[in-house]
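What the sequence shown shows, in numbering that gives the first Met the number 0, is residues 0 to 109, in sequence order. Ideal Cβ placement from N, Cα and C applies to all residues, glycine included. Before any comments, here is the structure.
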Amino acid sequence: MAIRKSPYCYTKIGHEDPEEAQHRLAQFLIYKTLKKADTKRSWLGVRIVRLRIKIGTMLKKMRRVLVSTVFSAKSGLCKQVYCALKSWKRLLRAKRGTAVGSIIPPTPII
């Protein structure tokens with residue numbers, strides 16, 4: 000069986016001079032810096048970003064207020080229901096004539 004050479008093998012490149020590699024890296028970094036300096040952000044883009052930040056903070060505040068309002072309303076409703084159940088429980092468990100607010104009047108002694 001013969002070993003076939005694959006057409007997509009990596010080829011070995013001779014060692015590169017370290018000074019050339021450093022020079023190429025420096026050229027690339029200079030190119031990158033100049034490219035970044037040329038692409039200045041437009042004033043409209045900056046304003047849009049600021050507007051998005053403002054809207055986000057406003058929505059966050061509204062959500063916090065809404066959650067706190069719902070929580071306080073929920074706790075207030077729970078208190079009312081709990082007090083009502085407590086009073087009904089007191090009325091239903093009251094023995095005849097012993098409870099202060101009992102529904103059934105005491106039996107008269109004759």
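Inter-residue Cα distance where the pair is residue i and residue j
i: Leu24; j: Lys39; result: 24 Å
i: His22; j: Ile29; result: 11 Å
i: Lys53; j: Ser86; result: 50 Å
i: Leu90; j: Val69; result: 31 Å
i: Gln79; j: Ser71; result: 12 Å
i: Ser41; j: Lys31; result: 19 Å
i: Lys59; j: Ile47; result: 18 Å
i: Arg92; j: Leu76; result: 24 Å
i: Lys73; j: Asp37; result: 57 Å
i: Val45; j: Gly55; result: 15 Å
i: Ala83; j: Leu50; result: 49 Å
i: Glu18; j: Lys35; result: 26 Å
i: Ser67; j: Met57; result: 15 Å
i: Glu15; j: Phe27; result: 17 Å
i: Arg62; j: Lys88; result: 38 Å
i: Gly13; j: Leu43; result: 51 Å
Practice problem: Please go through the segment 12 to 76 and give each complete alpha helix (DSSP H) segment of 4 or more residues, from N-terminal end onward. | Solution: Counting only runs of 4 or more, we get 17 to 37.
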